[in-house]
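Quick mapping for you: the protein sequence lines, in order, are chains A and B.
Position one of the first sequence corresponds to residue 6 (the working numbering), numbered consecutively onward.
Position one of the second sequence corresponds to residue 7 (the working numbering), numbered consecutively onward.
Just so it is clear, CB atoms sit at the ideal spot from N, CA and C, and this is done for glycine as well.
Values in this document were obtained by computation on a predicted structure and should not be read as measured data.
Worksheet: the structure to be examined is printed underneath.
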Amino acid sequence: MALPAVLALPACTRTRAEPAKVSRVFFTAVEQRFIMAATARLIPGDAKDPGAVEAGVPFFIDLQLAGPYGRADRWYMQGPWAAGAEQQGYQTSKTPAQLYRNAIGNIDAHCRRAYGAPFADMPIEEQEAVLHGLEDGKIELPDVPAKAFFAILWQNTQEGFLSDPMYGGNRDFAGWKLIGFPGPRYNYVREISQYGQPYDLPPVGLLGRDGRRLPA
Amino acid sequence: MAIRLEPVDVVLVGFGWTASIIAQELTEEGLQVLALERGVDRATVPDFATTHVQDELKYAMRMGMFQAPVRETLTFRNSRDQTALPMRTLGSFRPGAGVGGAGVHWNGQTWRFLPADFEIRSHVEARYGAGFIPPDMTLQDWGVTYDELEPYYDRFEYLCGVSGKAGNLNGTVQAEGNPFEGRRTRDYPLPPLERSAGTLLFDKAARELGYKPFAAPAANASRPYLNPLGVQMGQCTYCGFCEWFGCGNYSKASPQSTILPVLLKKDNFSYRTGCDVTRVKMDAAGKKARGVIYVDLEGREYEQPAELVILCAFAQHNVHLLLLSGIGQPYDPATNTGVTGRNYAYQITSSVDVFVDEIMNPYMGAGALGQAIDEFNGDNFDHGPEGFIGGGYIALWTTGGRPILQHHLPKGTPTWGGGWKKAMAENYLKSVSISTHGSVMSYRGCYLDLDPTYRDYYGNPLLRLTFDFQKNEHAMSDYLTEKAALIAKAMNPRSINIKKRQGHYSIVPYQTTHNTGGAVMGDDPRTSVVNRYLQCWDAPNVFVVGASAFPQNAGYNPTGTVGALAYWATDAIRTQYLANPGPLVRT
């Protein structure tokens, strides 16, 4: 079948459309700026050595929060609510999506007060100080437990960096290439006893070598 | 008003390992057997196909194969003076839901308990004196011995095609096997799995220290295997996605890969999914079950009459159903009376991460690919100088190298940022972890009852778990961890990271799904819910099968013993109960 002339132009060297780099199914524009900035601190990177942003982690988190995970569909969410001891686990009445929405608003308000700018506009060192403050519980937020939010943000960031690319993160297998995981492969019967030998086939995802979430 | 259904001979609550075994056996007697499963239907094809099942996000992080707390959970506290709060998401343990139960997502680590484990109180008193047992430790003998269970362990191992090497054949110790195990009448059905790079390092170090390491028994088939029911299993491909995943290769033993192809063809067996059993329906006198009450996904309530009711759900759910149904006197820790909910126990685990110079390729693994030593399990060593009871195995498992949860980072690594990223790149391929897997004894203050505040989806009180690690368990676990650290140091590492289990038991970090007790077996109705055949003392046509029967927990993974007990109890039903329905043990 002959291609229309316009698609056969030499300038059009890519055979497939690039998947979207960002999505905003759940996040507002302001929230997205926070997530881009925060995940860039959690797993920093650049074009040569991809980190969370280059690997599509904000895209991944946005889609997760828009779905059953963000809604806490599987969680027991009946009251009464009490803080409880640390050993008793998550006791916040907010779903992950609500936790993000409240926390980001609270953190940006904190940053404006303490640093005169929202988180995304702060210098790297100040952003890192705020993240450490959330992680250690030294910054208190009015609407959500800061430590619980940091824990979930860091967990979701690692998930986006290291899960199958079909979920929108780990773009071009950035996370798996960094550590040397070759992806979900079916058979190592021969290789398991080749001790000390590197396994050098390139990564593969559940959607194949391309690994992308959306078919072109 | 519940819709009354046509009676069956036997109704099974749950459709995992124990229900599948019991259904297969009792249908051979010509009985009409029905299994009621709360979860969804699942089959190897298409549900566990390798084209999609190796998905860490869906199954490990989003917990695709486990019970959903929105429908069923429990409340938890460390001690009686606290207010229990709901387990809102799964953490420390992960019960399965769906056909095959947790038998779909387990690793396949298939151990036998030690002979002394079954007679622990008698054994400890004889060797160390009665004063060695702390007063609040409610240790008790099982009412069944290892020798009695041996043929049933054998049946479960041959059903599953367990890969391993005997350590004690008819009393003769075998090289390369576990010299501490109880006598077995024949070797494992399959030879051990291939060794991983990590297990070889562990093996060498352990031998240098004078231990006798062995290949841990694995319900992951090392070779193609035809089991006694005529079901064919395939050779494990070491894909590294066992725990929390279904096996698409027919290699990991599960109800689907060992029993269901035969059972589901039988005219006298049926099962229904999406059925939450909420009560065992008792007769007016409360002495005999008439069947069960269940609710389907559309909220309709049914009464399923049956001559015989067998609870085959996860350990905690068995206990929850007994409490909701009023079977057995609920345990009261204040007076130390009552039985239902008594002697809940768990497992105490720790690890030592080992960072080496060579590539370990950790993602090439299998759920039960491990090398272990048993020198510090049970009473295999003199506890006199140590002052604690119990023990556990020390093993290096190569279960897989899933990137999100199965990476190890050296001590002092930043928790995030550029330092974390660099450490991930440097250590993922060059690290392994040694784990210790310790017993947990039973205590007066560790038990299950009904929560006074929180309710489930149907308005029933949630089960309440009161549990903490006690001094004895911490002492034992620290002892094991120190021994594990010495092995780690002998592995010629760059560095090690010793992770002791410290402080209160927490329901948050994953530890194991080895929850035991609450409907324990025994010889005395004052301290057990079921007799030695897992038959309720208070209702002879109700049997309660599973780890709920363990009077305390041993230092091994429980599934081998759960499988053996299921065969043992079913054999008693087939050979004794059916001819003469009534109590199998007179008091």
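Are the C-beta atoms of F186 of chain A and some chain B residue less than 8 Å apart? yes
With respect to the beta strand (DSSP E) encompassing D209 of chain B, which residues constitute its N-terminal and C-terminal limits? From DSSP, D209 of chain B is part of no beta strand (DSSP E) but of the alpha helix (DSSP H) over A203 to E214.
Which class does C166 of chain B belong to by DSSP, given the choice of helix, strand or coil? helix
Who pairs with D457 of chain B in a beta bridge, going by DSSP? For D457 of chain B, which the question treats as bridged, DSSP gives no partner whatsoever.
Best match in B:T576, B:P75, B:T343 and B:E309 for proximity to M7 of chain B [C-alpha to C-alpha]: B:E309
Which listed residue (B:D529, B:F382 and B:P589) has its alpha carbon closest to that of G561 of chain B: B:F382
Give the single residue among A:P187, A:S198, A:D148 and A:I197 whose Cα lies nearest to the Cα of L104 of chain A. A:D148
Take E214 of chain B and list the residues in its own chain whose beta-carbon comes closer than 8 Å to its own, dropping the five residues that flank it on each side. A496
In whole angstroms, give me the CA-to-CA distance for D47 of chain B and G104 of chain B. 6 Å
Determine the chain B residues that contact P63 of chain A at a beta-carbon separation under 7 Å, and present them in chain order. In chain order: nothing, as chain B lies at least about 16 Å away.
Residue range of the alpha helix (DSSP H) that N192 of chain A falls in? Per DSSP, N192 of chain A belongs to no alpha helix (DSSP H) and is neither H nor E.
Evaluate the contact criterion for the region 280-297 of chain B versus the region 256-267 of chain B: three or more CB pairs, one atom per stretch, below 8 Å. no
If you count every other CB in all the chains shown that lies within 10 Å of the CB of N111 of chain A, and 16 or more means buried, which is it? buried
Of all the options B:E62, B:M67 and B:V17, which has the alpha carbon lying nearest to the alpha carbon of P515 of chain B? B:M67
Helix or strand or just coil, what does DSSP make of L206 of chain A? coil
Which residues share a DSSP beta bridge with I504 of chain B? B:V358
Taking V16 of chain B as the query, report the chain A residues whose CB atoms sit under 8 Å from its CB, ordered along the chain. What V16 of chain B touches in chain A: nothing, since even the nearest Cβ is about 32 Å away.
Please compile the residues from chain B whose C-beta is within a distance smaller than 8 Å of the C-beta of D169 of chain A. D61, E62 and L63
Check whether chain B comes within 8 Å of V11 of chain A, counting only Cβ atoms and requiring the distance to be less than that. For V11 of chain A, the pLDDT reaches just 45, beneath the cut-off of 50, and the residue's location in the model is therefore unreliable, leaving the point undetermined.
Exposed or buried, S263 of chain B, counting other C-beta atoms within 10 Å across all chains shown (16 or more means buried)? buried
Could you tell me the alpha carbon to alpha carbon distance between D123 of chain B and N176 of chain B, rounded to whole angstroms? 19 Å
Take the Cβ of T191 of chain B as the centre, count every other Cβ of all protein chains shown within 10 Å, and call the residue buried at 16 or more, exposed below. exposed
Helix, strand or coil, according to DSSP, for M71 of chain B in the structure here? coil
Give me the subset of the region 314-338 of chain B whose CB atoms are less than 8 Å from a CB atom of chain A, sorted by chain position. none
Alpha helix (DSSP H) runs wholly inside the region 28-67 of chain A, at least 4 long, in chain order: 34-47
Let's test the definition: count the other Cβ atoms within 10 Å of the Cβ of I129 of chain A and tell me whether it reaches 16, buried, or not, exposed. exposed
Here's a check: name, in chain order, each residue in its chain whose Cβ is nearer than 6 Å to the Cβ of A351 of chain B, leaving out the five neighbours to either side. V446, S448, T522, G523, Q558 and N559
With 8 Å as the limit, tell me which residues of the region 415-447 of chain B have their beta carbon closer than that to any beta carbon of chain A; keep them in chain order. T421, W422, G423, G424, W426, K427, M430, A431, Y434 and L435
Between P49 of chain A and the rest of its own chain, which residues show a CB-CB distance below 6 Å, the 5 nearest in sequence each way excluded? G56
According to DSSP, T442 of chain B sits in a beta bridge with which residue or residues? B:S356 and B:I400
Which residues of the region 357-391 of chain B have a Cβ closer than 7 Å to any Cβ of chain A? Give them in chain order. E364, I365, N367, Y369 and M370
Would a C-beta distance cut-off of 8 Å place T581 of chain B and I27 of chain B closer than the cut-off? no
Which same chain residues end up closer than 6 Å to Q30 of chain B when comparing Cβ atoms and leaving out the 5 residues on each side of it in sequence? I265 and L269
Looking at the C-beta of D177 of chain A, does it have a partner C-beta in chain B at a distance below 8 Å? no
By Cβ distance, which residues of its chain are closer than 6 Å to L212 of chain A, with the 5 residues on each side in sequence left out? M171
Which residues bound the alpha helix (DSSP H) around Q262 of chain B? P261 to T264
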